[in-house]
């Protein structure tokens, strides 16, 4: 960002409470050398490309990771 690149940071917050400063976000405070102190402004409005509808009380699906033989994994990494 400090070199003129464009970046995006998405945060989730409770809309019924006061919105914290962007500099209070852990990601921003950890990398202060990347984010300018004064942000250039609100990004342009973009059409929502997708969204995920959440069902009240649902939990993430718990699945074992895909198993692969060590030899095949080495081939994929090469």
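Numbering (UniProt numbering), first residue to last: 1 to 78.
Where a beta carbon is used, it is the ideal one built from N, C-alpha and C, also for glycine.
Note that the structure is a prediction, hence the values are computed from the model and not measured.
* **For residue 4 and residue 57, the rounded distance between their alpha carbons** => 43 Å
* Asked: For the alpha helix (DSSP H) that residue 76 lies in, which residues bound it at each end?
  -> 70-77
* **Closest Cα partner of residue 60 within the set 52, 73, 66** => 52
* Note the first and the last residue of the continuous alpha helix (DSSP H) segment covering residue 29. => 26-30
* Inter-residue CB distance, residue 35 and residue 28 (contact presumed, cutoff 8 Å) -> 5 Å
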